[in-house]
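Take a look at the structure set out below.
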Amino acid sequence: MADAPTIRIPDDIKPADGRFGCGPSKVRPAAVSALADAATGFLGTSHRQKTVRDQVARLRRGIAEFYSLPEGYEVILGNGGTTAFWEVATFGLIRDRAQFASFGEFGAKFVKSVKDAPFLGKPTVRKAEPGSAPALVAEAGVDAYGLPQNETSTGVAVPINRVAGADEGSLLLVDATSAAGGLAVDVAETDVYYFAPQKCFASDGGLWLALMSPAALDRAAEIKASGRYIPAFLDLVTAIDNSRLEQTYNTPALATIFLAAEQTDWMNEQGGLAWAAKRTAESAGIVYGWAERSAVATPFVTDPALRSNVVATIDFADGVDAAAIAKALRANGIVDTEPYRKLGRNQLRIALYPAVEPSDVEALTASIDYVVERL
Numbered sequence: 183m184a185d186a187p188t189i190r191i192p193d194d195i196k197p198a199d200g201r202f203g204c205g206p207s208k209v210r211p212a213a214v215s216a217l218a219d220a221a222t223g224f225l226g227t228s229h230r231q232k233t234v235r236d237q238v239a240r241l242r243r244g245i246a247e248f249y250s251l252p253e254g255y256e257v258i259l260g261n262g263g264t265t266a267f268w269e270v271a272t273f274g275l276i277r278d279r280a281q282f283a284s285f286g287e288f289g290a291k292f293v294k295s296v297k298d299a300p301f302l303g304k305p306t307v308r309k310a311e312p313g314s315a316p317a318l319v320a321e322a323g324v325d326a327y328g329l330p331q332n333e334t335s336t337g338v339a340v341p342i343n344r345v346a347g348a349d350e351g352s353l354l355l356v357d358a359t360s361a362a363g364g365l366a367v368d369v370a371e372t373d374v375y376y377f378a379p380q381k382c383f384a385s386d387g388g389l390w391l392a393l394m395s396p397a398a399l400d401r402a403a404e405i406k407a408s409g410r411y412i413p414a415f416l417d418l419v420t421a422i423d424n425s426r427l428e429q430t431y432n433t434p435a436l437a438t439i440f441l442a443a444e445q446t447d448w449m450n451e452q453g454g455l456a457w458a459a460k461r462t463a464e465s466a467g468i469v470y471g472w473a474e475r476s477a478v479a480t481p482f483v484t485d486p487a488l489r490s491n492v493v494a495t496i497d498f499a500d501g502v503d504a505a506a507i508a509k510a511l512r513a514n515g516i517v518d519t520e521p522y523r524k525l526g527r528n529q530l531r532i533a534l535y536p537a538v539e540p541s542d543v544e545a546l547t548a549s550i551d552y553v554v555e556r557l
């Protein structure tokens, strides 16, 4: 039996690119080259100037095209990533009461933000154990419903539909951080479809994007006009106003904007959301099919209908050390397959984002088999 770091996987079975991290994710080399080519006139320039605003406009146009944005919806962006947007939504989108579907670490974080807000009523939280998911249900007095489309910590994905029977004027807020760009969705079924670009959009973190319906835009203006205290950095109306000027309120990470725009254009050139969703489904079929055939591995999410096509979580049998597998893979340049730390399971977690080649997913499964045989 070999020690994990000493196992050498033959080059002919290893992935051509060994990056399988769930965020930050693989950035295509072509996108990095494009950034390098544009660097002289872009990096190190003012975000109020045309050079940067053109890239913001390019990103917003590309996202609108990718999602066939419904009439009246707008692409809004700001700094801070999804963690910041939970606070933005807490201050600027929920009037009083919210209901959440919480089935993993990231969904729970938005719940905590709302629970801690002294100016909001106590939210209703519909919970499920990791690996499964609850449904939202209509509830009188709830003015905003929220859920993740894809729970990055567990590899559970759910369909997105408006809540049947919900009060007129209530909003549906969808955390799409690891789903956006890789899972099919009808944006018209949402009021705010928000995400950060360091996953399917193959960029760096530090930015949030939100596809906002006319009702959500109106809600933000209504709450702002109510006189509620809103910190300037978290002021959604300020973000909306600046986005319409193709800029952010304060200085953004310019590389993040450029790389996200580059990835969006690339995916649009391939065929847009339909192409991206088909590609991730292909990769998911490879990894789940391998796990179901394996004598030592099995998909963590037992219900095939809830298995994510962008984040696969694979459990291993007792006696097979997933941490040792990940360590051996890392020693061979196959990186970031470790599970979400707080889930505490004997498993690997594998990103299946559009930038990841399905052939590399196939090679990853062969590499895992090679390692398991030698541990």
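Using the working numbering, you'd call the opening residue of the sequence shown number 183 and step up by one each time. Heads up, the beta-carbon is just placed ideally off N, CA and C, and yes, glycines get one too.
{"Query": "Beta-carbon gap between ALA362 and GLN445 smaller than 9 Å", "Result": "no"}
{"Query": "Any 3 or more C-beta pairs closer than 8 Å across the region 411-426 and the region 250-259", "Result": "yes"}
{"Query": "Beta-bridge pairing of PHE498 - partner residues as DSSP gives them", "Result": "ALA479"}
{"Query": "Three CB pairs or more closer than 8 Å across the region 269-286 and the region 313-328", "Result": "yes"}
{"Query": "Nearest-angstrom beta carbon gap, LYS196 and VAL549 [assumed within contact, 8 Å]", "Result": "First, the amino acid is wrong: residue 549 is Ser here, not Val. With 8 Å as the limit, SER549 and LYS196 qualify as a contact, their Cβ atoms being about 6 Å apart."}
{"Query": "Alpha-carbon to alpha-carbon, PHE498 and ARG190", "Result": "21 Å"}
{"Query": "Where ALA508 sits in the DSSP three-state scheme", "Result": "helix"}
{"Query": "CA-to-CA distance, PRO481 to GLN380, given in whole angstroms", "Result": "25 Å"}
{"Query": "Reference TYR411; option with closest CA among GLY515, GLY226 and LEU275", "Result": "LEU275"}
{"Query": "Contact set for VAL374: own chain, Cβ-Cβ below 6 Å, skip 5 residues either direction", "Result": "LEU355, ALA392, MET394 and ALA398"}
{"Query": "Whole-number beta carbon distance between TRP268 and PHE301, since they are thought to touch under 8 Å", "Result": "With 8 Å as the limit, PHE301 and TRP268 do not qualify as a contact, their Cβ atoms being about 15 Å apart."}
{"Query": "Boundaries of the alpha helix (DSSP H) in which ASP193 is found, first to last residue", "Result": "No alpha helix (DSSP H) contains ASP193, which DSSP labels as neither H nor E."}
{"Query": "Environment of PRO330 [buried if 16+ CB atoms lie within 10 Å]", "Result": "buried"}
{"Query": "Alpha-carbon to alpha-carbon, GLN281 and ALA346", "Result": "14 Å"}
{"Query": "Straight-line gap, ALA402 to ASP325 (C-alpha atoms, nearest Å)", "Result": "13 Å"}
{"Query": "Buried or exposed (CB count within 10 angstroms, at least 16 for buried), ASP518", "Result": "buried"}
{"Query": "Expected contact under 8 Å - CB spacing of ALA521 and ALA504 to nearest Å", "Result": "With the sequence shown as reference, residue 521 is identified as Pro, and Ala is not the correct amino acid for it. Confirmed, about 7 Å."}
{"Query": "Assigned secondary structure, GLN452 (DSSP; H/G/I helix, E/B strand, else coil)", "Result": "helix"}
{"Query": "Beta strand (DSSP E) segment containing TYR535, residue limits", "Result": "Here TYR535 belongs to no beta strand (DSSP E), and DSSP marks it neither H nor E."}
{"Query": "Beta-carbon proximity check, PHE273 vs ASP417, cutoff 9 Å", "Result": "yes"}
{"Query": "Residue from ALA545, VAL554 and THR484 with nearest C-alpha to GLY337", "Result": "THR484"}
{"Query": "Three-way DSSP call (helix, strand, coil) for PHE383 in this model", "Result": "coil"}
{"Query": "CB contact flag (GLY328, ASP368, <9 Å)", "Result": "no"}
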